[in-house]
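Numbering (the working numbering), first residue to last: 177 to 329.
A quick write-up on the structure given underneath.
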């Protein structure tokens, strides 16, 4: 029987990814030397890649956890759906930002039926379509609707 891995040594790549996100968040904080700047398309492409990878990880964890611990698996499945919603919103925001290479592009919408404008549009749209295919096999359209806390009168 092997000894459990100490928490400091467990999942070093996830720890590094989390540290990278924390560092990036600190560097975006406005200061005298670092004025606030809005996100650009490249920034959102990288964030989308991170969210998509996290989405896949939570999906795998939910599948592996559900047989032994059904309640925990359901919570992870819910987190999987919420991550998809976040990923989808980042993808939408990406297409609302102007393309720095071609600011006068006719449309910033995602058109999977035609060739995209070039990197990073190619990568974000292909990644998003692949992740969308995966989530739609496991959830219903009702599950994918954003959860709102607005009061209905």
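Think of the CB as a built atom: it goes at the ideal place given N, C-alpha and C, for glycine as much as any other residue.
So is residue i buried or exposed if we call it buried at 16+ other beta carbons inside 10 Å?
i           : result
residue 186 : exposed
residue 199 : exposed
residue 253 : buried
residue 305 : exposed
residue 309 : exposed
residue 307 : buried
residue 251 : exposed
residue 321 : exposed
residue 313 : exposed
Less than 7 Å between C-beta atoms, sequence neighbours within five positions excluded: which residues of the same chain meet that for residue i?
i           : result
residue 255 : 234
residue 270 : 217, 220, 221, 224, 300
Only counting the same chain, and skipping five residues up and downstream in sequence, which positions put a Cβ closer than 8 Å to that of residue i?
i           : result
residue 226 : 193, 197
Using a Cβ-Cβ cutoff of less than 6 Å, which residues in the same chain neighbour residue i once the five nearest sequence positions on both sides are dropped?
i           : result
residue 258 : none
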